[in-house]
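K.L.:
Just so you know, the protein sequences line up as chains C and W, in that order.
Per this note's numbering, the first sequence starts with residue 1, numbered consecutively.
Per this note's numbering, the second sequence starts with residue 1001, numbered consecutively.
Structure provided below as structure tokens; questions to follow.
There are 2 protein chains.
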Amino acid sequence: MDISGRTGLVAHLGYPTGSFKAPMIYNPWFEAKGIDAVVVPMGVTAEAAAATLPAVFGLTNFRGALITMPLKVLVVPMLDEVSTRVKVAGSCNAVRREADGRLVGDMFDGEGFVRGIARKGCRLAGASVVVSGAGGVGSAIAASFALAGVARLALHDLDSASAERLAARLRLHHPEVEVTTGPADPKGFDVVVNATPLGMKSGDPLPFDVERIDPTSFVGDVVMKEETTPLLAAAKARGCRIQIGVDMLFEQIPAYLEFFGFGSATPEELKALARIRY
Amino acid sequence: MDISGRTGLVAHLGYPTGSFKAPMIYNPWFEAKGIDAVVVPMGVTAEAAAATLPAVFGLTNFRGALITMPLKVLVVPMLDEVSTRVKVAGSCNAVRREADGRLVGDMFDGEGFVRGIARKGCRLAGASVVVSGAGGVGSAIAASFALAGVARLALHDLDSASAERLAARLRLHHPEVEVTTGPADPKGFDVVVNATPLGMKSGDPLPFDVERIDPTSFVGDVVMKEETTPLLAAAKARGCRIQIGVDMLFEQIPAYLEFFGFGSATPEELKALARIRY
């Protein structure tokens, strides 16, 4: 990959940068496909965001940005146009600059989850989904499920006000979806989603009562620490189909590529080319 | 070259970025030497400089910057510490961020010229030098000659006030050097430097009366358009040793590498690895 002054700059913005994985996924793919673009990590703290993000978005060779912690919420009011996904999620992880300079934002964290289970055969139209965790990733997943045409979304968060706020945003932008809040009871749901950090530390309680998950349910986890979290192991033992956290990462990248206008790719292709250093 | 969140970011700042060459020289060298750093072009106009440069310098993974047109003068007051070369040249083309966050600036445009002729066998200590052109590059070359220990510097510029200002800065910072201003007469000088744009367009007059250049003189040109400019061709015909413009480019990069703490390299090594796309 030869970076030149004509190379499209895709800034990977967040802090700390040490654990960023996107450059090692996107750049090998750009290289393989002969796309003259590069993902460059740029460390920006929350405190620096107000001055730094507009400056980066204004670089003349700026094409777009991947936005990560702690900037996903902060960036939203800096944009000219945002998708419904951003409005529902309340956060943004992708920014594109149009030819006329306008900044457009979208949110693909939830897309990765939803695309992943759809590709695994899960039918989304009319489905019922329970999501535990109404923080950033849970909100993004709920936003993508609503857009994908599910019939019912049940939301749970230890901070019930957080679940209520997400429910209100969903009802505003997706009146066609039945949205409820309450305990994390997976009984009777087609899709069961852990969007809490439970499972990152050994000894964490399970986010759901596994005994109440139907064997026909699809169970997904956002925790990326291990390939199979305790929740997924228990769900698998019950006969459920599952989705691991890393799938969400690779499944969302095709959505990003389309958003930036870099064509598309399959998660398998991206995974085969990725040069992630741990 | 795998860019990760731990890769040191060297911003190449200027506008327009289309003709930038540094990424195709530095990055292959970093790759060959296993240095985890990357030069990334970032287009910044003069109008955007005040807001953008401090933002870029504050990126948490920012290690340093190469500064080019139109920012070399604008950047100077943004720095915490600048070298004598910067003070004399009035401009800066390299910025390094120290561990404590302080921004240090230096100027290597002239270093490239001076290192190049020194490596070609030109003795600098006590030498007499005439420089035509007291703009950015001429000032940088004069600054580097003064630091290299020449005895006498004669400056010429069509804009005589510009030559006078450079002379004043030289006298302030290098009282040991005899500095004069006046016409571009090369007679009797050990080193003759064209730092004007004359030679970029065919039909340009020569910057010096070649008949008055001593055959023992060393003649260098900053014009990079052709390998051998009309001035250099005429000087060569008189028996002078010469230095082409591209040498200045490759000779200054080792100085940059040392400044950033990336070790050193020879211009030949850099040239062999460079992947410049024209």
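Where is the CB? At the ideal position from N, CA and C, for every residue including glycine.
Can you give me the C-alpha to C-alpha distance between W/Tyr1278 and W/Met1224, rounded to a whole angstrom?
P.N.:
Model confidence at W/Tyr1278 stands at a pLDDT of 47, short of 50, so the residue's coordinates are unreliable; what they give is reported in the following sentence. Cα-Cα distance, rounded: 13 Å.
K.L.:
Please list the partners that W/Ile1025 has in chain C, where partner means a Cβ-to-Cβ separation under 7 Å.
P.N.:
What W/Ile1025 touches in chain C: nothing, since even the nearest Cβ is about 11 Å away.
K.L.:
Just list the residues that DSSP pairs C/Ser132 with in beta bridges.
P.N.:
C/Ser132 is bridged to C/His156, C/Asn194.
K.L.:
With distances taken Cα to Cα, identify the nearest neighbour of W/Val1040 among C/Met24, C/Ile3, C/Gly121.
P.N.:
Taking only the C-alpha atoms, the option nearest W/Val1040 is C/Ile3.
K.L.:
Contact defined as beta carbons within less than 8 Å: I believe W/Ile1117 pairs with W/Gly1199. What is the distance between those atoms, to the nearest angstrom?
P.N.:
The pair is not a contact, with the Cβ atoms about 18 Å apart (cut-off 8 Å).
K.L.:
Report the CB separation of C/Ala134 from C/Ala163 in whole angstroms; it is logged as a contact under 8 Å.
P.N.:
Yes, they are in contact, since the Cβ atoms of C/Ala134 and C/Ala163 sit about 4 Å apart, within 8 Å.
K.L.:
If we require 4 or more residues per run, which alpha helix (DSSP H) segments fall completely within the region 38–83 of chain C?
P.N.:
If we require 4 residues or more, the alpha helix (DSSP H) runs fully inside the region 38–83 of chain C come out as 49–57.
K.L.:
For the alpha helix (DSSP H) holding C/Leu231, just list the boundary residues, first then last.
P.N.:
From DSSP, the alpha helix (DSSP H) with C/Leu231 extends over 230–237.
K.L.:
Is it buried or exposed for W/Ala1065, if we count other Cβ within 10 angstroms and need 16 for buried?
P.N.:
When all chains shown are included, W/Ala1065 counts as buried.
K.L.:
Does the distance from the CB of C/Ala151 to the CB of C/Val192 come in under 8 Å?
P.N.:
No, Cβ-Cβ distance for C/Ala151 and C/Val192 is not below 8 Å.
K.L.:
Whose Cβ in chain W lies nearer than 9 Å to the Cβ of C/Arg96?
P.N.:
Neighbours of C/Arg96 on chain W: none; closest Cβ ~17 Å, over 9 Å.
K.L.:
Is there at least one Cβ from chain C nearer than 8 Å to W/Tyr1278's Cβ?
P.N.:
Residue placement at W/Tyr1278 is poorly supported in this model, since its pLDDT is 47, which falls under 50; the coordinates still yield a value, given next. Closer than 8 Å: no.
K.L.:
W/Asn1194 touches chain C at which residues, Cβ-Cβ below 7 Å?
P.N.:
By Cβ distance, chain C contributes nothing, its closest Cβ being about 26 Å from W/Asn1194, past 7 Å.
K.L.:
According to the neighbour-count rule (16 or more other Cβ atoms, all chains shown, within 10 Å of its Cβ), is C/Thr7 buried or exposed?
P.N.:
C/Thr7 is buried by the Cβ-count criterion.
K.L.:
Check whether the Cβ atoms of C/Thr68 and W/Thr1060 sit closer than 8 Å, and answer yes or no.
P.N.:
Against a cut-off of 8 Å, the Cβ pair of W/Thr1060 and C/Thr68 comes out as no contact.
K.L.:
Just verifying my parser: in three-state terms, what is the DSSP assignment at W/Asp1106?
P.N.:
In the structure shown, W/Asp1106 sits in a strand (DSSP, three-state: E or B).
K.L.:
Drop a sphere of 10 angstroms on the beta-carbon of W/Pro1230, count the other beta-carbons inside from all chains shown, and report buried for 16 or more, exposed for fewer.
P.N.:
Buried is the call here.
K.L.:
Please work out which residues of its chain come closer than 7 Å, Cβ to Cβ, to W/Tyr1015, disregarding the five sequence neighbours upstream and downstream, and give them in chain order.
P.N.:
Taken in chain order, the residues that qualify are Gly1043, Val1044, Thr1045, Pro1070.
K.L.:
In chain order, what residues of the same chain lie with their CB nearer than 6 Å to the CB of W/Ser1132, ignoring the 5 residues before and after it?
P.N.:
Around W/Ser1132: His1156, Ala1184, Asn1194, Thr1196, Pro1207.
K.L.:
Does any residue of chain C have a CB that is nearer than 8 Å to the CB of W/Val1075?
P.N.:
Not an interface residue.
K.L.:
Judging by CA-CA distance, which residue of W/Phe1218, W/Tyr1026, W/Arg1165, W/Gly1263 is the nearest neighbour of W/Leu1249?
P.N.:
The candidate whose alpha carbon is nearest that of W/Leu1249 is W/Tyr1026.
K.L.:
If we cut at 8 Å on Cβ distances, does C/Ala46 have a partner in chain A?
P.N.:
Although the question refers to chain A, the structure presented lacks it and instead comprises the protein chains C and W.
K.L.:
If we require 3 or more residues per run, which beta strand (DSSP E) segments fall completely within the region 1165–1211 of chain W?
P.N.:
Qualifying beta strand (DSSP E) stretches, in chain order: 1178–1181, 1191–1194.
K.L.:
Using the C-alpha atoms, what's the distance from W/Lys1021 back to W/Ala1235?
P.N.:
About 28 Å.
K.L.:
In chain order, what residues of the region 40–65 of chain C put their CB closer than 9 Å to some CB of chain W?
P.N.:
Those residues of the region 40–65 of chain C that come within reach of chain W (Cβ to Cβ, closer than 9 Å) are Val40, Pro41, Met42, Gly43, Val44, Thr45, Ala48, Ala51, Thr52, Leu53, Pro54, Ala55, Val56, Gly58, Leu59, Thr60, Asn61, Phe62.
K.L.:
Distance check for C/Arg102 and C/Ala49, CA to CA, integer angstroms please.
P.N.:
Their backbone Cα atoms lie some 19 Å apart in a straight line.
K.L.:
Select from C/Val86, C/Glu81, C/Ser91, C/Leu124 the residue whose C-alpha is nearest the C-alpha of C/Val104.
P.N.:
For the residues C/Val86, C/Glu81, C/Ser91, C/Leu124, the minimum Cα distance to C/Val104 belongs to C/Glu81.
K.L.:
Who does C/Phe218 pair with in a DSSP beta bridge?
P.N.:
BP columns for C/Phe218 point to C/Val191, C/Arg241.
K.L.:
Under a CB-based cut-off of 8 Å, is W/Phe1020 close to chain C?
P.N.:
So, interface residue.
K.L.:
Select from W/Val1222, W/Gly1149, W/Gly1261 the residue whose C-alpha is nearest the C-alpha of W/Ile1244.
P.N.:
For W/Ile1244, the nearest C-alpha among the options comes from W/Val1222.
K.L.:
How should W/Asp1100 be labelled, buried or exposed, when 16 other C-beta atoms within 10 angstroms of its C-beta is the threshold for buried?
P.N.:
W/Asp1100 is exposed by the Cβ-count criterion.
K.L.:
Reducing DSSP to helix, strand and coil, say where W/Ala1094 ends up.
P.N.:
In this structure, W/Ala1094 counts as strand in the three-state DSSP scheme.
K.L.:
Which of the three DSSP states, helix, strand or coil, is assigned to C/Leu280?
P.N.:
Residue 280 of chain C lies beyond the residue range present for chain C, which begins at 1 and ends at 278; the question has no answer from this structure.
K.L.:
Measuring only between beta-carbons, confirm whether W/Gly1005 sits less than 8 Å from chain C.
P.N.:
It does: the Cβ of W/Gly1005 has a partner Cβ on chain C nearer than 8 Å.
K.L.:
Whose Cβ in chain W lies nearer than 9 Å to the Cβ of C/Tyr256?
P.N.:
By Cβ distance, chain W contributes nothing, its closest Cβ being about 17 Å from C/Tyr256, past 9 Å.
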